[in-house]
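S.K.: Here the sequence shown is numbered in our numbering, starting from 13 and rising by one per residue. Idealized CB from N, CA, C, for every residue including glycine.
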Amino acid sequence: MNRLRLTKILIFLAALIPLARLGWKALHGGLGANPIEVITHSTGDWTLILVLATLTITPLRRVTRQYWLIGVRRMIGLFAFFYGMLHFTTYIWLDKFFDLHEMFKDIAKRPFITVGFSAFVLLIPLALTSTTGWIRRLGGKNWQRLHRLIYMTGILGVIHYIWLVKADLRKPLEYAFVLSLLLLYRIVMWVVETRKHADVPARPRTSPEATEA
Ligand code: HEM
């Protein structure tokens, strides 16, 4: 088995652990007095962690020269979307029982929910166009442009978290710090590459292995 396949299997299993833990706790009465809050917080945390993990792949593969790592990025991104779906579903189903009136009242009272919702909506086109077929259809450059929306998801996800926290800002600020490093890396690389290749025409890109975000 090659290392990409093995890494993919390990990531797949690791990404299911938070869900399995929640399931286990739910079955054994371990979710405490407010299970919906625990599920909302856990799925929100994991959505943000996986968005940041997706953004880590490009710098990691370049710094370590392990270029094959790009092959795991799509899977991590799709897991971010999956946990985002669970987070959203927990809110609209378990918390609000699909009661639109309740939701609008809540959104008016807690505007950070709109920010979280926007972060989630931006993940939808990314999940839908994550296949090689879509890269071909859109063209590498356009696909890459579209997938830069993940930067906004990260930024909005961190704002959502900072906004909702009432007292201890340490954890959201840690996420903000990691996100800032990941975005700074892109800005530096962009400046360096624009200077270096100012007059070299861009190569067509057609596969996820050849695309960066
Ligand atoms: C789909 C729309 C979303 C809704 C309706 C939503 C709603 C919520 C709510 C109600 C909470 C709990 C607030 C509280 O306890 O006072 C929460 C927490 C959180 N959400 Fe969201 N959210 C959404 C999308 C997102 C997205 C896309 C991300 C990440 C990119 C995210 C990350 C978080 C984080 C990190 C927390 C806090 C977890 C913790 O306390 O450990 N949310 N969200």
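Quick check: the stretch 181-199 against the stretch 53-73, are there 3 or more CB pairs under 8 Å?
M.R.: Touching, yes, given that three or more Cβ pairs across the two stretches are closer than 8 Å.
S.K.: If I measure Cβ to Cβ from residue 108 and keep anything under 6 Å in the same chain, skipping five residues before and after, which residues do I get?
M.R.: Position 96 of the sequence shown, counted from the first residue, corresponds to residue 108. Result list for residue 108: 114, 115, in chain order.
S.K.: Per DSSP, what kind of secondary structure is residue 86 in: helix, strand or coil?
M.R.: As a working note, residue 86 is residue 74 in the sequence shown. Helix, per DSSP.
S.K.: Which ranges does the beta strand (DSSP E) cover as unbroken runs of at least 3 residues, wholly within the stretch 14-82, from first to last along the chain?
M.R.: Taking only runs of at least 3 residues, no beta strand (DSSP E) segment lies wholly in the stretch 14-82.
S.K.: Just to confirm my understanding: we take residue 135, look at its own chain, exclude 5 residues before and 5 after, and list those with CB closer than 7 Å. What are they?
M.R.: The sequence position of residue 135 within the sequence shown is 123, counting from 1. Only 92, 93, 96, 165 meet the Cβ criterion.
S.K.: My parser needs the alpha helix (DSSP H) runs of 4 or more residues fully inside the stretch 108-144; what are they?
M.R.: 112-121, 124-140, all fully within the stretch 108-144.
S.K.: My output table needs one value for residue 209: the three-state DSSP class, helix, strand or coil.
M.R.: Start at 1 with the first residue of the sequence shown, and residue 209 comes out as number 197. Looking at residue 209 - three-state DSSP - the assignment turns out to be coil, as it is neither helix nor strand.
S.K.: Starting from residue 157 and walking both ways along the alpha helix (DSSP H), at which residues does that stretch end?
M.R.: Against the sequence shown, residue 157 aligns to sequence position 145. From DSSP, the alpha helix (DSSP H) with residue 157 extends over 152-159.
S.K.: When every heavy atom of the ligand HEM is checked, does at least one fall within less than 6 Å of the C-beta of residue 111?
M.R.: Your numbering for residue 111 matches position 99 in the sequence shown. No.
S.K.: For residue 30, I'd like the list of residues in its chain whose CB is within less than 7 Å of its CB, leaving aside the five on either flank, ordered along the chain.
M.R.: Counted from its first residue, the sequence shown places residue 30 at position 18. Contacts found: 54, 58.
S.K.: When we look at the beta-carbon of residue 123 and count the other beta-carbons within 10 Å, is it buried (16 or more) or exposed?
M.R.: Position 111 of the sequence shown, counted from the start, is the residue given in the question as residue 123. Exposed is the call here.
S.K.: Taking contact to mean at least 3 C-beta pairs separated by less than 8 Å, is the stretch 41-52 in contact with the stretch 171-190?
M.R.: No, they do not touch.
S.K.: Within the present structure, is the beta-carbon of residue 127 separated from the nearest heavy atom of the ligand HEM by less than 6 Å?
M.R.: Numbered from its first residue, the sequence shown carries residue 127 at position 115. Checking every heavy atom of the ligand HEM against the Cβ of residue 127, none is found closer than 6 Å.
S.K.: With the cut-off set at 7 Å, would you say residue 8 and residue 141 are in Cβ contact?
M.R.: Residue 8 is absent from the structure shown; the chain starts at 13 and stops at 225.
S.K.: CB of residue 180 to nearest heavy atom of the ligand HEM: below 6 Å?
M.R.: The residue given as residue 180 occupies position 168 in the sequence shown. Flag unset: Cβ of residue 180 not near the ligand HEM.
S.K.: Quick one: grab the DSSP three-state call for residue 196.
M.R.: Here residue 196 refers to the residue found at position 184 of the sequence shown. Helix.
S.K.: Does the ligand HEM have even one heavy atom less than 6 Å from the beta-carbon of residue 63?
M.R.: For the purposes of this step, residue 63 is identified with residue 51 of the sequence shown, where counting begins at 1. It does: the Cβ of residue 63 is within 6 Å (strictly closer) of some heavy atom of the ligand HEM.
S.K.: In this structure, how does DSSP classify residue 178 when only helix, strand and coil are distinguished?
M.R.: What you label residue 178 is simply residue 166 of the sequence shown in a count that begins at 1. The answer is coil: DSSP assigns residue 178 none of H, G, I, E or B.
S.K.: Is residue 100 near the ligand HEM, judged by its Cβ being under 6 Å from some heavy atom?
M.R.: One-based indexing of the sequence shown puts residue 100 at position 88. Yes, the beta carbon of residue 100 sits closer than 6 Å to at least one heavy atom of the ligand HEM.
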